[in-house]
Amino acid sequence: MRYLPLTDADRSEMLATIGVKSVDELFSDVPKSAHLKEPVDLPAHATELQVERIMGKLAGKNVAASSVPFFVGAGAYKHHIPSTVDHLIQRSEFLTAYTPYQPEISQGTLQTLFEFQTQVAMMTGMDVANASMYDGSTACGEAVLMAARITRRKKAVLAGSLHPHYADTTKTLAKYLDINVVSTEASLTSIDALYDAIDDETACVVVQTPDVFGRLHDITSLSEKAHAHGALVIAVFTEPVSLGLVKSPGEMGADIAVGEGQSIGVGLNFGGPYVGLLACKNDRNFIRNMPGRLAGETVDADGRRGFVLTLSTREQHIRREKATSNICTNSGLCALAFTIHMTLLGEKGLRTLARINHETACDLADRLSAIDGVDLLTDAFFNEFALRLPKPAAGVVDALVDKGVLGGVPASRLYPGGGLDDVLIVAATETCSDDDLAAFEAALKEVL
Amino acid sequence: MTTKYTKDHEWIRVEGDEAVVGVTPYAAEQLGDVVFVELPDVGKSVTPGDEMAVVESVKAASEVYAPISGEVVGVNDVLEGAPQTVNESADKDGWFVRLKIADKSELDALMDEAAYKAHIG
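Just so you know, the sequences run in chain order A and B.
Taking my numbering, the leading residue of the first sequence gets 1, the next gets one more, and so forth.
Taking my numbering, the leading residue of the second sequence gets 1001, the next gets one more, and so forth.
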């Protein structure tokens, strides 16, 4: 018997029910120009060996992150991940398990989620963290929706120096909930414009530190101003390693902290999968309105320690369209990798790692800003900073690739037409050796 | 003192110009252990069928609908700290909302106790 789950009659009936003539009509939102007119031009067949040769040649055109001195950041960071992490997450009990829908039988999974939450809460200086989001940008968007639910207000103010991908994701999520999202200008000088944008209608103000240009901000006074207007403060970070050195969002009065966890345990991959972090203060109303899964600690009938998924009635599989979020899963495996890496580091290890990152970045900033015509734009940074170059940064980055250095992200890629053509965003982590720094310095001197 | 019932398992007890609304003991038993109750703001106006409150148990979340039109003049704050009151005393201490009645004739469309008993079988 063939496995045919759908007959033509089934299909016609479904199309008639929803009132469309054909399956193609369901894709009418996709612009015609994006439709494929003919099949992709590929040979009808090839042997495995032939395919390997072709693909190998194509892959050889890439400059892999680990193959050259690497200074790219702007939201994703290359860190050393101990081999223990990969070894442990590949245990089949962890690797094959999906988010638990019959949760209590998966005590091991729930315990790692609980430990993950504990680590995230401690790092961010908050009280409660959830079991993770898809990535930093969706965590940011979800935090804005959460703030709108808590305050019952419909306006969100974003700092211009919030990572533009995070701003885009937030605007997309907010669009159909009638939440008005305004961004202040992406200024290289300060975040003061944010203060003026807060009013009594504001649900939340969203500010990133270190921001997309690497600058650190003490948002304590911003929090005070926001709270005076009944608005919440959402503190965003794309580099969690920074939390090993800088003041935590909680210490600066943030109500919700969100960020990307990729730096710890996950690796660059191909831009994903990553792991979003979301934590908030201990307030009933906040916890009720949190998105995503929440693992809790309890005792069983015999008084033994155990774990449960708690407050599930907020979630989509129970609450349907009235759920706090469309997410009713988490980035389980990446969260596990994060937890294992953090456990290996410990508090002291995270601080040491953060210090090495900062020292490396300081060393690099000194070297590069000493070059004629290059100005350091960031006065307080962690492991990433912005430089003003004497010529457009995009061309400089390309020229650096030819010299065998991946030298950062041109700001024009993140802010096309934003008047930041000569700005280069450079990151340095513990993976950058002295030789790497010297190679970057020498190559930049040559191409300028 | 008249008590009426809806097919969605709310009860409404008329007290002069006002009425108290809760969920029936049958509904509370079906829900299981109630862990959270979300109540409306005082001053909110409702019409029949409007979502007025949310009641969450360990296994489900349900809306509580307004049986008649009116303005919310009081809510049972006890439920915020002790949601289990809904299970313990659904028809008395576990009340949800006090309404100022807009139109008493709307009560005629609701079930009396005998009809509600027949409804839940």
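Ideal Cβ positions, reconstructed from N, Cα and C, are used throughout, including at glycine.
*Just the Cα atoms here: how many angstroms apart are residue 74/A and residue 52/A?*
33 Å
*the segment 1048-1082 of chain B: positions lying closer than 7 Å to chain A by Cβ*: 1056, 1060, 1061
*Is the beta carbon of residue 281/A sitting closer than 8 Å to the one on residue 126/A?*
yes
*For a contact meaning CB atoms closer than 8 Å, what does residue 1096/B contact in chain A?*
Going along chain A, no residue has its Cβ under 8 Å from residue 1096/B, so there is no contact; the nearest lies around 17 Å.
*Exposure label - residue 42/A; buried when at least 16 CB within 10 Å*: exposed
*asked:* Buried or exposed for residue 77/A, going by 16 or more other Cβ atoms inside 10 Å?
replied: buried
*So, does the CB of residue 318/A fall closer than 8 Å to a CB anywhere in chain B?*
yes
_Using a Cβ-Cβ distance cut-off of 8 Å, determine whether residue 202/A contacts chain B._
no
*Using a beta-carbon distance below 8 Å, is residue 293/A in contact with chain B?*
no
*Would residue 31/A be called buried (16 or more neighbouring beta carbons within 10 Å of its own) or exposed?*
exposed
*asked:* Looking only at its chain, what residues have a beta carbon closer than 7 Å to the beta carbon of residue 1018/B, apart from the 5 residues adjacent to it on each side?
replied: 1073, 1098, 1099, 1100, 1101
*residue 358/A versus residue 232/A: straight-line alpha-carbon distance, rounded*: 30 Å
*Under the rule that 16 or more other beta-carbon atoms within 10 Å means buried, what is residue 422/A, buried or exposed?*
buried
*residue 424/A lies in the beta strand (DSSP E); which residues open and close that run?*
423-427
*Flag this pair as touching only if the segment 130-143 of chain A and the segment 151-169 of chain A have three or more C-beta atom pairs under 8 Å; answer yes or no.*
yes
*Run through DSSP, which three-state label would residue 234/A get?*
strand
_Contacting residues, own chain, Cβ-Cβ under 6 Å from residue 298/A (five flanking each side not counted)_ = 306, 308
*asked:* Using only CA atoms, which one of 261/A, 87/A, 273/A lies nearest to residue 116/A?
replied: 261/A
*Please determine if the segment 399-411 of chain A and the segment 425-441 of chain A are in contact, where contact requires at least 3 C-beta pairs separated by less than 8 Å.*
yes
_Interface residues of chain B facing residue 17/A [CB-CB closer than 9 Å]_ = Those do not exist, as residue 17/A stays about 26 Å from chain B at its closest Cβ, beyond 9 Å.
*Residues near residue 1120/B in its chain [Cβ-Cβ closer than 7 Å; skip 5 each side]*: 1026
*Examine the Cβ distances between the segment 1057-1068 of chain B and the segment 1027-1044 of chain B and report whether three or more of them are shorter than 8 Å.*
yes
_Straight-line gap, residue 1022/B to residue 112/A (C-alpha atoms, nearest Å)_ = 41 Å
*What are the boundary residues of the beta strand (DSSP E) that includes residue 403/A?*
Neither: residue 403/A is in no beta strand (DSSP E) and is coded neither H nor E.
*Where residue 53/A meets chain B, residues with beta-carbon distance less than 8 Å*: Per Cβ cutoff of 8 Å: no residues; residue 53/A is ~57 Å from chain B at best.
*Shortest alpha-carbon distance to residue 1016/B belongs to which of 1066/B, 1048/B, 1104/B, 1081/B?*
1104/B
*Name the DSSP beta bridge partners of residue 155/A, please?*
180/A, 202/A
*Between residue 320/A and residue 314/A, what straight-line distance do the alpha-carbon atoms span, to the nearest angstrom?*
9 Å
*Is there a Cβ from chain B that is less than 8 Å from the Cβ of residue 343/A?*
no
*What is the DSSP secondary structure of residue 1003/B, counted as helix, strand or coil?*
strand
*What's the gap between the Cα of residue 1113/B and the Cα of residue 1076/B?*
23 Å
*Hey, is residue 418/A close to the ligand NAP, as in C-beta under 7 Å from one of its heavy atoms?*
What this structure holds is no ligand at all, so the ligand NAP is not there to describe.
*Between the segment 178-188 of chain A and the segment 243-258 of chain A, do three or more beta carbon pairs fall short of 8 Å?*
no
_Which residues in chain B have a C-beta closer than 9 Å to the C-beta of residue 151/A? List them in chain order._
Ordered by position in chain B, no residue passes the 9 Å Cβ test against residue 151/A, which lies about 13 Å from the chain.
*Does residue 313/A have its Cβ less than 8 Å from a Cβ in chain B?*
yes
*Kindly indicate if chain B contains any beta-carbon less than 8 Å away from that of residue 288/A.*
yes
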